[in-house]
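Residues in the sequence shown are numbered consecutively from 0, following numbering that gives the first Met the number 0.
Comments concern the structure below.
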Amino acid sequence: MEIFLIRHAQTQGNIERRYIGRTDQPLSQAGVSCFCNLAYPMAERVYSSPLLRCRQTAQILYPGEQPVVLDGLRECDFGDFEGKNHRELEPLPEYQAWIASGGESAPPNGESGKTFRARCCDGFAQAIEACFRDRINRVAFVVHGGTIMAIMERFAGGKPFYDWQAPNLGGWSARLTQEQWEKDRTLREVARIDEPI
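Here it is in structure tokens:
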């Protein structure tokens, strides 16, 4: 099976470098304009986060497919840090503590790194198992940057979370057989998707 993990197109929050997790932002005008003449790998099934920015991106990249929406693929809930950027948060001791933890602790009223990664990986695993059951050979996941990093850290192995960052409309491709999945759940032939294919 071929797997494509694609980050959604740009939002206003991305432009302003804000923590946008649970906030249901649409794509920005700049994000929508990036779709001109794009060609992405074909997919027999498309999975998406329930948030609007991912659903909009999936509908534009795969107009013939109805995305399967999985709640587990949502971005991290940044709690009280939602909608703010580093400059606005830097003076706060709770933000400094969160940064010092490498994002592992939970922001006030938010989600811990461990909880977030486990949720994303559980959602991905459920989708992969459904694809094997339904004999799907090419599957695309249109999700968030954090979701991609969580999945790749767990299933591609070898590199830590932040090494798997992807730009908007970028991401990763990989291959996987059912035998490999049942043996060690490790993605093979991992390659970058930095530009449309």
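Beta carbons are placed, not taken as given, at the ideal position from N, Cα and C, and that holds for glycine.
In this text the structure is predicted, and so the values were computed from the model without any measurement.
The alpha helix (DSSP H) enclosing residue i, as first and last residue numbers
{"i": "residue 132", "result": "112-132"}
{"i": "residue 21", "result": "Counting along the chain, residue 21 falls outside any alpha helix (DSSP H), and DSSP gives it neither H nor E."}
{"i": "residue 60", "result": "51-60"}
{"i": "residue 32", "result": "28-32"}
{"i": "residue 93", "result": "92-99"}
{"i": "residue 16", "result": "Neither: residue 16 is in no alpha helix (DSSP H) and is coded neither H nor E."}
{"i": "residue 81", "result": "Where residue 81 is concerned, there is no enclosing alpha helix (DSSP H), given that its DSSP letter is neither H nor E."}
{"i": "residue 88", "result": "85-88"}
Three-state secondary structure (DSSP) of residue i
{"i": "residue 42", "result": "coil"}
{"i": "residue 146", "result": "helix"}
{"i": "residue 69", "result": "coil"}
{"i": "residue 184", "result": "coil"}
{"i": "residue 139", "result": "strand"}
{"i": "residue 11", "result": "helix"}
{"i": "residue 6", "result": "strand"}
{"i": "residue 201", "result": "Only positions 0 to 196 of the chain appear in this structure, which leaves residue 201 out of reach."}
{"i": "residue 74", "result": "coil"}
{"i": "residue 1", "result": "strand"}
{"i": "residue 48", "result": "coil"}
Same chain, Cβ closer than 7 Å to residue i, neighbours up to 5 away in sequence not counted
{"i": "residue 164", "result": "144, 148"}
{"i": "residue 187", "result": "173, 174, 175, 179"}
{"i": "residue 192", "result": "3, 5, 169, 170, 171, 172"}
Neighbourhood of residue i by C-beta distance below 6 Å, restricted to the same chain and skipping five residues each side
{"i": "residue 76", "result": "20, 21, 109, 110"}
{"i": "residue 67", "result": "46"}
{"i": "residue 160", "result": "148, 152"}
Contact set for residue i: own chain, Cβ-Cβ below 8 Å, skip 5 residues either direction
{"i": "residue 25", "result": "10, 51, 52, 55"}
Quick check: the region 100-116 against the region 41-52, are at least 3 beta-carbon pairs closer than 8 Å?
no
Given 8 Å, three or more beta-carbon pairs between the region 81-90 and the region 13-31
yes
Taking the runs of the beta strand (DSSP E) that are 3 residues or longer, which of them lie wholly in the region 148-181?
170-174
Any chance the region 110-122 sits against the region 36-45, with 3 or more Cβ pairs inside 8 Å?
no
Contact the region 120-128 vs the region 66-73: 3+ CB pairs below 8 Å:
yes
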